[in-house]
Each structure stands twice: as structure tokens, then as C-alpha cells.
Amino acid sequence: MLNVFEKLLIFVLLTVIQCATDYNEQEARTYLNFAAAAYADSPTPCLQRVFPPSNAYQLISTKTESCDALSQLCSGYIVKSDVLRQIVVVFRGTKTDVQLLLEGWSTLQPQQDFYGMGKVNQYFGNAVDLLFDPVGTTLSNPQWRDYKVVFTGHSLGAALAALAAARTAAQGLRNSNQIKLYTFGEPRVGNVQFAASFNNLVPEAFRVVFRSDIVPHLPGCNKDYINGTDTDDSQPCDPGNLVRGYHHQMEIWYPICMTPGCQYKICTGTPTGEDFSCSDLIKFDMNNVSMYIWDHRHYFDLKVTQYGEIGCDANDPSVHDPPPQSSNFVEKLLFTAGSFASKLGIGTKK
């Protein structure tokens, strides 16, 4: 249990830490290709199609592990470019609806300590520990000691990328200025103490969120009804709560579209990491859950899983499926199982 001084310290850290705000959309589009490639049996066809030979990305390692009670698989891969003097660490997102449901249920379990940085989601923490050995080995290799490292992923992969980036900094495998994070549809990975630690360790981190993607709002934060708006509206997250989920910085929210030229918002407002002028202001209606899931699966106008599985062919019609007209039973079940709306603090319409 944290004492009053420790709570005050977390508040100060959340208030004064200045995270990077120089978001580069072209970089984000580039790293989405890496994240998508993780959904394929091998990332090589995707990377060869997307990146010019001059960059010469070479696959260093891949790793797949059973990461839950039903033997669902978590995986990741690592590439390097000697030309760019860069290492990219990539984790795969949720592969099946069963895995998505297990991740949701696991958020209701007690949170676990993550290398002294705070509490994190048990499912995410266990998964990243299972996959981290190749990361540590690669980053400890003296041949690549001065290479900067980028972590990326979509959905579950985004959560694992964030935790791996934090662990890399905490264990001194790279200095903070050698680490960058780009994630897409990242859920909340830990509590406010972890968020404060993360912001200090990995200041150059960008959480890209598309429109009404619901996954970045899971597990629910503790809503601040005292300093919030009318109770019929969504409420801001309470940074004083040390138990519930709380995001690290820096959200990049695309509220309308993700085609080139679409407007986005760099979310530097309050609460820190949970800027209430960005996607947190959305009040979710579970009757529209299919739309929220569609947004989660589509980033930069690509169906991320399908795009990666077919080798990153952006001209294939299958990666440009239209939005749904209504929600189906299975998708409603995935986001109401375990009483998500009441237990996880998601703003819902009656």
C-alpha cells in the first residue's frame, strides 16, 4: 500500500514530466507495417514488399509462446537495419476472439508488480515476460549496442510493446533517448504508478487511437465524478486512484478518419495520459460495439490483421472492408462478458 508521500510523488511525476510531442505521421504509418506483419506466418513477405532494399531490414529472431490457460499463442519478432542503425521489436496482436475474451477477463484479476515500476495487467505482464528473452539477447549484443530501438504493435501487441519498452529502459538495455514506441489500439497496461514510471523512462511514446476504438478504454479507469461533467456524459479518469487502469502518454487521436490529410490531436491535456479532450470524452453505447471493434481493427485505412496476413498488399480489396451496419451477438458478448460496463468503468449509454 502506498503512503501519502508516495501518492503525492506520483501526482507530481504525472504533472511535470514532459513527454515528446513531435509526432511524425509518416513514421507511424511506417511502423504500422511492422505491426501488421506480425499477423503473418512470417513477416518477411510484408517487409520485402513495403521497404526498399536500401534499408535492408534483416530478421534477427521470432518467438512464439503459449500465453494463457487455453494455449492461445503470443508472438513477436525482431529485425535490424545496419543502414539505419536501428532495431525494431514487434509483437503480434490478438489473433482470435477467444484470446480477446481471455484478455478481458484477466483484467479483473489482481494486478502484478512489473520490475518496481508499478502494477500491470497480469495477462500482459506474463506474456511479455515469456517473449522477452530474444529482446534482451539482441539489445545486449555488442555489435548493435549503439543501435536505437523502436517497439511497436497493434492491440495485444501494442500492450506488449509498451511493457517491453519500459522493461528495456528500466533494466538499462538502452538509454531513454534510444527508445521509441509506436502503438495502435493499445489497451491500458497498468495503473497510474506504472504510467508515471513509464512516462519518465520512455518519453518518446505515441499511442495512436482511431476514432471510437474501444480497446484503448479497457480496462476502465476509475472515473472522477467529483471533477467531471454531468453524470449522463463520460467522465475523466481519476489520477488519484492507484488500483484501476491508467494510460501512459502520449495519445494521438484521429477523431474522424485516417486517410492522408486527416486531422489528428496530440493529447497533452489533463488528466496527464488521459486527456479528457481526446478519446476519453467518448461515451460508448454497447449497441454500437461492432463499430467500435471495426475501428480497432482498422488503422490508416487498412484492416490490420488481413493486411499483414496477405503480405501487406494495400491494393487488395480485402483490406478495405466497409464499416458494419449493426452489432452481432458474439461481438456484444466479448465486451459485456464479466460485466465490462459496470466493473471496468466504461462510460455506457443507457
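Following the numbering used here, the numbering of the sequence shown begins with 110 at its first residue and continues without gaps.
We put the beta carbon where it would ideally sit given N, CA and C, even for glycine.
Simplified DSSP assignment, three categories, for residue i
i: Cys366; result: coil
i: Gly378; result: coil
i: His357; result: coil
i: Leu118; result: With a pLDDT of 47 at Leu118, under the threshold of 50, the predicted position of this residue should be treated as unreliable, and no value is reported.
i: Tyr373; result: coil
i: Ser306; result: helix
i: His263; result: strand
i: His326; result: helix
i: Leu269; result: helix
i: His407; result: strand
i: Asn250; result: coil
i: Cys346; result: strand
Buried versus exposed call for residue i [16 or more other C-beta atoms within 10 Å across all chains shown]
i: Arg254; result: exposed
i: Thr368; result: exposed
i: Lys202; result: Note that residue 202 is Gly in the sequence shown, not Lys. Gly202 should be labelled buried.
i: Arg353; result: buried
i: Ile365; result: exposed
i: Gln434; result: exposed
i: Lys289; result: buried
Whole-angstrom C-beta distance between residue j and residue i, which should lie under 8 Å
i: Gln220; j: Asn300; result: 6 Å
i: Ala149; j: Gly349; result: No, Ala149 and Gly349 are not in contact; Cβ-Cβ is about 43 Å, not under 8 Å.
i: Tyr291; j: Val317; result: 7 Å
i: Asp322; j: Tyr232; result: Contact doesn't hold; Cβ gap of about 19 Å is too wide.
i: Val420; j: Arg158; result: The residue you asked about is not Val; residue 420 is Gly in the sequence shown. Sure, about 6 Å apart at Cβ, within 8 Å.
i: Leu193; j: Val237; result: Not a contact, Cβ separation roughly 25 Å.
Residue i - partner residues in DSSP beta bridges
i: Arg316; result: Thr292 and Glu360
i: Ile196; result: Lys189 and Val258
i: Cys183; result: Glu174
i: Val229; result: Gln221 and Gly299
i: Gln167; result: Lys189
i: Cys387; result: Answer by DSSP bridge pairing: none, since Cys387 is not bridged.
Residue-level contact to chain D via CB, residue i, 8 Å cutoff
i: Met367; result: This model lacks chain D altogether, as it is built from one protein chain only.
I want to know whether the segment 179-188 touches the segment 159-169 - three or more CB-CB distances under 8 Å.
Touching, per the Cβ criterion.
Does the pairing of the segment 259-278 with the segment 129-149 give three or more beta-carbon distances under 8 Å?
Taking a cut-off of 8 Å on C-beta distances, the segment 259-278 touches the segment 129-149, as three or more cross pairs fall below it.
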